[in-house]
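Chains A and B are the protein sequences, given in the same order. Numbering (my numbering) for the first sequence: 233 to 622. Numbering (my numbering) for the second sequence: 8 to 270. Report on the structure given below.
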Amino acid sequence: MKNPEASIPATHPSPYFVRFDIEGLKRLIETLKQEGYEVLGPTVRDGAIVIEPIESVSQLPCGVGDEQSGGRYRLTQRSDRSRFGYAVGPTSWKRFLFPPNRLLWRATQHERGFSVETPPVDSQRRAFVGVRGCDLAAIRIQDRVFCGGANPDPDYVSRRKQTFIVAVECGSPVQTCFCTSMGTGPAIGDGFDIRLTEIPDGENPYYLGLAGSEYGAQLLSQIDAIQVNESEFAERNAILASAAAQITRHLDPDHARAVILENPEHSRWDEVASRCLTCGNCTQVCPTCFCSTVDDVTDLTTGVAERSRRWDSCFTMEHSHVHGGAVRRSPRSRYRQWLSHKLGSWWEQFGTAGCSGCGRCIVWCPVGIDLTEEVAYLATKRDAPPEDAP
Amino acid sequence: MAAAKPKLAVWKFASCDGCQLTLLDCEDELLSLTHHIHIANFLEASREVVPGPYDLSLVEGSITTNHDAERIQKIRQSSRFLVTIGACATSGGIQALKNYADTDEFIRYVYASPGYIKTLSTSTPISSHVTVDYELRGCPISKTQLLEVINAFLTKRRPAIPDQSVCMDCKAKGTVCVMVSKGTACLGPITHSGCGALCPSYDRGCFGCYGPQGSANTTGLSARLKSVGLTDDQLVRVFRTFNAAAPAFHDAGLAHERQNETN
Ligand code: SF4
Ligand code: SF4
Ligand code: SF4
């Protein structure tokens, strides 16, 4: 199912649609900081563009591009001074909404009995600068997981409420992107406070900023900016159309769902298991994977016991450990679990696919296993179901 | 506490003492731990030896002599729980390299009077000789994990030590993968976590100090390492380090040795 909001709007959309240059972007970041936000944005570290707290616009990558393919990521030099001229990197925003480690409660022993304290939910305001279409969709997917249902996660809900989103449309997708298949990019329709489109323009990139919320409009109005004219709007549309045209990887979510659920015993699962290292990288970089486990730790020396939550993965043996042992002992069953949840049973559970088309699992898999390739293989070379299928 | 404190013993076999040092390195925690556990036999810390039986035995080192092979049986008999600590005790250690070489030749090179040396031709983990209740990995072990094992023992629960890849720690920390971003050879995907992904955070590939993780696909990783330029000869050495004799690494080492010979 495509997300219709993500298609490129045909008409000039909003009165709060303004053009500004790098000084305007600088001002926006400063304003967010003054408003008490921790500003998180892309920055170059250790040969990759990661997302970290940034103090100023000077920490954004400048003239940096990227090349990505299965199991391979490299930074490149661009011929312009774009600040957003690359695709998503190894960090996803889930790190800041659903952190990798979190203390759930702490019990302290007293003379008689014990007391339990729960740490307060996180209430820091955070501004996410540079959220791409795929990642915006991934946040929506995790919203359904953590905010929906009978037991919303209070920490996630609080963090999410405090989040200000500055989305950035994609002009430079990489080989591993397939947002067009999932209807999540490269253009962005809604779900942001401010949406930026970067027009590279050689030495002096400029930005088209669209307000998506009242607060977003208020912040934009504090920037020295002028209304976007028709030719700038046309320029933006051309950039997005060209980005969409560069995307060649494809996955049909409806078809994938059917193919996976129809082929639980396909020999391809064994073949992929021979390559899969069960390292869990795919699930850790995936912006929608939400599995966690809890650790109980006691410390007799101080009489304190703690329960904490940490990211887990369906690729670890312990993830399916129940009384008597693990249910998914073979790597085959673990890869199959991952793919069939992500693209299949996620629909029954949450009403959508569990994939945004960001391509991270392909790039950051050390052996470059590619879910789109696996689905394509399952689809074209179907196996007859074995007679004694369990 | 009304009941008598459980008795702890620490034993050494063929090893470098690094893992025992980790216990000594617990300094502050060790002192408070003595309120809950009686350190009855730990020669590296105290000459005072309280005779067994012991409630918890921590065993460092591998079996390399007949004398040690007999000694570990006696220790097992006098221990309620026996936990092996470190790569030597859990897989045979770096000294298991002798399993793949001619021991007599080694002895001739190393000792002035080889006649005095009585040693087995192999270095084997403790679990090849007696039943082991828990294996704590690492070369050396991690201080936090050691305390966790002792604490878990005292409260009769499972230690919170996950059997998963080093990659899981890289990702939790936000370390950029050196294999994907730089093409650096890394054993992390098939190695048991525990070090906190130390080497990748200093821009090095993982050396496999914690031995293979529960479902280590060495063949899958080798194919990838060959694509970044490693030869079979180099791969033999990649798998034959501190955990050379751990079954998954042992098999991988032999496979590459054979391939190297046929090349
Ligand atoms: S499954 Fe892969 S492509 Fe889809 S959202 Fe997760 S990391 Fe991105
Ligand atoms: S698919 Fe790739 S990243 Fe995921 S567990 Fe397997 S080897 Fe690791
Ligand atoms: S650097 Fe090594 S341990 Fe870390 S994620 Fe990459 S392959 Fe795994």
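Just so you know, even glycine gets a beta-carbon here, dropped at the ideal spot from N, CA and C.
{"Query": "Give the interface partners of A/W596 over in chain B, defined as CB-CB distance under 7 Å, in chain order.", "Result": "C184, V187"}
{"Query": "Under a CB-based cut-off of 7 Å, is B/N224 close to chain A?", "Result": "yes"}
{"Query": "Report the residue ranges of all beta strand (DSSP E) runs contained in full by the segment 295 to 351 of chain A; include only those spanning at least 3 residues, in chain order.", "Result": "296 to 301, 304 to 309, 333 to 341, 346 to 349"}
{"Query": "What is the residue span of the beta strand (DSSP E) that B/D109 lies within?", "Result": "Segment: none, B/D109 is in no beta strand (DSSP E) and carries neither H nor E."}
{"Query": "Verify the contact flag: A/P331, CB atom, against every heavy atom of ligand 3, threshold strictly below 6 Å.", "Result": "no"}
{"Query": "From the DSSP secondary-structure annotation, give me the bridge partner or partners of A/H553.", "Result": "A/A558"}
{"Query": "Pairing CB atoms from the segment 406 to 426 of chain A with CB atoms from the segment 358 to 372 of chain A, are three or more of them under 8 Å?", "Result": "yes"}
{"Query": "May I ask you to list, following chain order, the residues of the segment 332 to 351 of chain A that have a beta carbon less than 9 Å from some beta carbon of chain B?", "Result": "P332, N333"}
{"Query": "Going by beta carbon distance, what residues of the same chain come within less than 7 Å of A/P384, once the five residues before and after it are set aside?", "Result": "F378"}
{"Query": "Could you check what DSSP says for A/I240 in three-state terms: helix, strand or coil?", "Result": "Any reading at A/I240 must be qualified, since the residue scores a pLDDT of 42, below 50, and its modelled position is unreliable; the value itself is stated next. Coil, per DSSP."}
{"Query": "Does DSSP put A/R500 in a helix, in a strand, or in coil?", "Result": "helix"}
{"Query": "Which residues bound the alpha helix (DSSP H) around B/G93?", "Result": "93 to 98"}
{"Query": "Among A/Y439, A/E299, A/V353, which one has its Cα closest to the Cα of A/V250?", "Result": "A/Y439"}
{"Query": "Measure from the C-beta of B/N270 to each C-beta in chain A and report whether the shortest distance is under 7 Å.", "Result": "no"}
{"Query": "Just to confirm, is the Cβ distance from B/A21 to A/V529 under 7 Å?", "Result": "no"}
{"Query": "For ligand 1, any of its heavy atoms closer than 6 Å to the Cβ of A/G302?", "Result": "no"}
{"Query": "Can you list the residues near ligand 3, meaning Cβ strictly closer than 7 Å to any non-hydrogen atom, in the order they appear in the chain?", "Result": "A/C511, A/N513, A/P598, B/S172, B/V173, B/C174, B/C177, B/K178, B/T182, B/C184, B/V185, B/M186, B/V187, B/C193, B/G195, B/P196, B/A204, B/P207, B/G212, B/C213"}
{"Query": "Give, in chain order, every unbroken run of the alpha helix (DSSP H) that is at least 4 residues long and sits entirely within the segment 380 to 451 of chain A.", "Result": "386 to 393, 411 to 414"}
{"Query": "Please confirm whether any heavy atom of ligand 5 lies closer than 6 Å to the CB of A/L571.", "Result": "With respect to ligand 5, the structure offers nothing, as its ligand set consists of ligand 1, ligand 2 and ligand 3."}
{"Query": "Is A/T584 close to ligand 1? I mean its beta-carbon at under 6 Å from any heavy atom of the ligand.", "Result": "no"}
{"Query": "What are the boundary residues of the beta strand (DSSP E) that A/W285 is part of?", "Result": "The question names Trp, yet the displayed sequence has Pro at residue 285 of chain A. It spans 280 to 285 - the beta strand (DSSP E) in which A/P285 sits, taken as one unbroken run."}
{"Query": "Taking the CB atoms as reference points, tell me whether B/G100 and B/G145 lie closer together than 7 Å.", "Result": "no"}
{"Query": "Give me, in chain order, the residues of the same chain whose beta-carbon lies closer than 7 Å to that of A/R566; leave out the 5 immediate sequence neighbours on both sides.", "Result": "T510, C546, F547, R560"}
{"Query": "What is the DSSP secondary structure of A/W596, counted as helix, strand or coil?", "Result": "coil"}
{"Query": "State the CB to CB distance for the pair A/K574 and A/C590, rounded to an integer number of angstroms; the pair is presumed to be in contact (CB under 8 Å).", "Result": "Going by Cβ atoms, the distance from A/K574 to A/C590 rounds to 12 Å, so no, they are not a contact pair."}
{"Query": "So, does the CB of A/W325 fall closer than 7 Å to a CB anywhere in chain B?", "Result": "no"}
{"Query": "In the structure shown, what three-state DSSP assignment does B/G122 receive?", "Result": "helix"}
{"Query": "Cβ of A/T263 within 7 Å of Cβ of A/L428?", "Result": "no"}
{"Query": "What residues from the segment 563 to 580 of chain A come within 9 Å of chain B, judged by C-beta to C-beta, listed N to C?", "Result": "P563, R566"}
{"Query": "Please report the distance separating the alpha-carbon of A/R313 from that of A/I431.", "Result": "10 Å"}
{"Query": "Between B/A103 and B/T72, what straight-line distance do the alpha-carbon atoms span, to the nearest angstrom?", "Result": "13 Å"}
{"Query": "Considering Cα atoms alone, identify which of B/P169, B/T131, B/E112, B/R165 is closest to B/G122.", "Result": "B/E112"}
{"Query": "Nearer than 6 Å: is that true of the beta carbon of A/C508 relative to any heavy atom of ligand 2?", "Result": "yes"}
{"Query": "Any heavy atom of ligand 1 closer than 6 Å to the CB of A/K574?", "Result": "yes"}
{"Query": "Closest by CA to A/G448, which one among A/S572, A/F582, A/A466, A/F424?", "Result": "A/F424"}
{"Query": "Ignore the nearest five residues each way along the sequence and tell me which others in B/V57's own chain have a CB closer than 6 Å to its CB.", "Result": "A47"}
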